[in-house]
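Residue numbers (my numbering): 2 to 320.
Even glycine gets a Cβ: it sits at the ideal position worked out from N, Cα and C.
All values derive from a computational prediction rather than experimental measurement.
I have placed the structure first, in the form of structure tokens, so that the comments after it can refer back to it.
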Amino acid sequence: MKVLITGGAGFIGSHLAERLLERGDDVFIIDNLWTGKLANIAKIQTHERLHLVVDTILNESVMNELIFKADHIYHFAAAVGVRNIMDHPVETLDINVKGTEVVLRLANRFKKKVFIASTSEIYGKHVEHDLSEDDNRVMGTVKKRRWAYACSKTLDEFLALAYFDEKKLPVLIGRLFNTVGPRQTGQYGMVLPNFVQCALLGKPITVYGDGTQSRSFTHVNDAIGAIARLMAEPSAEGEIFNVGNDHEVTINDLAQRVKEMTGSDSEIEHIPYEKAYGPGFEDMERRCPNISKLKDAIGFEPSYDLESSIQSVIDYFKE
Ligand code: UDP
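Structural data, given as structure tokens:
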């Protein structure tokens, strides 16, 4: 099979590229290297079935050719990372809205099956219970820049479902919850690589806010395994799935675990959100997926617990 991975030089896309090469696919990657890196695909770049195009997904003639060739499209190219999104609001909206529009419109031209990588940010400020795919979204004010990202990805989902319903385009959506693992950089704000790097360097581990906010971390290998299986499951078409791990941890506990597992002397410091991200920032208090839909569809069980996920990040940075 020929697959196209947009954003294939990114953290998640590059792991997926490796997995699909292993199973024998021809893998085409398009990546503009905004947050993606050639280093992420260094191991596979010379593989005879890997084809890399360094370009933007907004380049329609290039995308037309790639989508024409592909059997399946995995659409990961997007603005990522809270810091990046806070720093680049125009680019975020531009690439997330226009990019997905290009992918879906061209996929529809050739009726190619598409996986849309979406995000748990979509749920917004829910706190009450584990998040299910049909839950309402609770968005903050338009004045808070973070919500632009959630809204742009929501629009992507609407567009994908519209293509499915109206044009019969085979498409499915995965809402990825905090995904971690080797090659994820702390550069764009993500918490675990930041904590691990600080702990290994003996620098303060900086917890934003009071640290009682919680997240649920999925190992990238679990996430890409689920995505590949969903793409092979006909009943998943036209559906939205949470892709995550339902073990929840507070950021304070995460900092403590990282400190212990690295044997670090680093202090755990709390700093206000405004100092970390500037004004106009709002955090989610908790975010934990209900993954029963994913379990029912493909028999998903996460194979990494929190400890093994943290360990794989520690091992990566030690290397
Ligand atoms: N966070 C933190 N210190 C950091 C980076 C992030 O305390 O160095 C917090 C952040 O405020 C959030 C959580 O960790 O509450 C997860 O942040 P991340 O940016 O990784 O993901 P998201 O907020 O999108 O879930």
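Using a Cβ-Cβ distance cut-off of 8 Å, the region 91-111 and the region 267-282 are not in contact, since fewer than three pairs of beta carbons, one from each stretch, lie closer than that value. Distance from the CA of SER293 to the CA of GLU302, rounded to the nearest whole angstrom, comes to 10 Å.
When C-alpha distances from GLY8 are compared across TYR75, ASP157 and ASP211, the shortest belongs to TYR75.
Just so you know, the alpha carbons of ALA161 and GLY14 end up roughly 19 Å apart.
Between THR155 and ILE117, the CB-CB gap reaches or exceeds 8 Å.
When secondary structure is reduced to three states using DSSP, GLU270 falls in the strand class.
Runs of the alpha helix (DSSP H) lying entirely within the region 84-137, each at least 4 residues long, are 90-94 and 101-111 in chain order. The beta-bridge partner set that DSSP reports for PRO205 is empty. By the criterion of a C-beta distance shorter than 7 Å, ASN65 is surrounded in its chain by LEU107, once the five residues flanking it on both sides are discounted. Take VAL83, set aside five residues on each side of it, and the residues of its chain with a beta-carbon closer than 6 Å to its own are GLY190, in chain order. Closest in C-alpha terms to VAL143, from the list GLY25, TYR317, GLY281 and THR47, comes GLY281. With 16 or more other Cβ atoms inside 10 Å of its own Cβ, GLU19 counts as buried.
Residue state for GLU66 is assigned as helix, using DSSP reduced to three classes. In this structure, the CA atom of GLU283 is about 15 Å from the CA atom of PRO90. Looking at the DSSP output, PRO290 shares a beta bridge with LEU132. If you draw a straight line from the Cα of VAL192 to the Cα of HIS220, it is about 14 Å long. Here DSSP, grouped into helix, strand and coil, assigns ASN243 to strand. Per DSSP, reduced to three states, the secondary structure at HIS48 is coil, with no helix or strand assignment. It is roughly 10 Å from the alpha-carbon of ILE58 to the alpha-carbon of LEU67. Of all C-beta pairs linking the region 252-266 to the region 203-211, three or more are shorter than 8 Å, placing the two stretches in contact. Not one heavy atom of the ligand UDP sits closer than 7 Å to the Cβ of GLN257.
Residue environment for HIS127: buried (at least 16 other C-beta atoms within 10 angstroms of its C-beta). Within the same chain, Cβ atoms closer than 7 Å to the Cβ of ASP157 are found at ASN97, THR101, ILE117 and SER119, the five residues on either side in sequence being excluded. Less than 8 Å divides the Cβ of SER265 from the Cβ of LEU201. The alpha-carbon separation between GLY300 and SER267 amounts to approximately 40 Å. With at least 16 other beta carbons inside 10 angstroms of its own, MET232 counts as buried. ALA163 counts as exposed, since fewer than 16 other beta carbons sit within 10 angstroms of its beta carbon. Take ALA151, set aside five residues on each side of it, and the residues of its chain with a beta-carbon closer than 7 Å to its own are GLU122, ILE123, GLY125 and MET140, in chain order.
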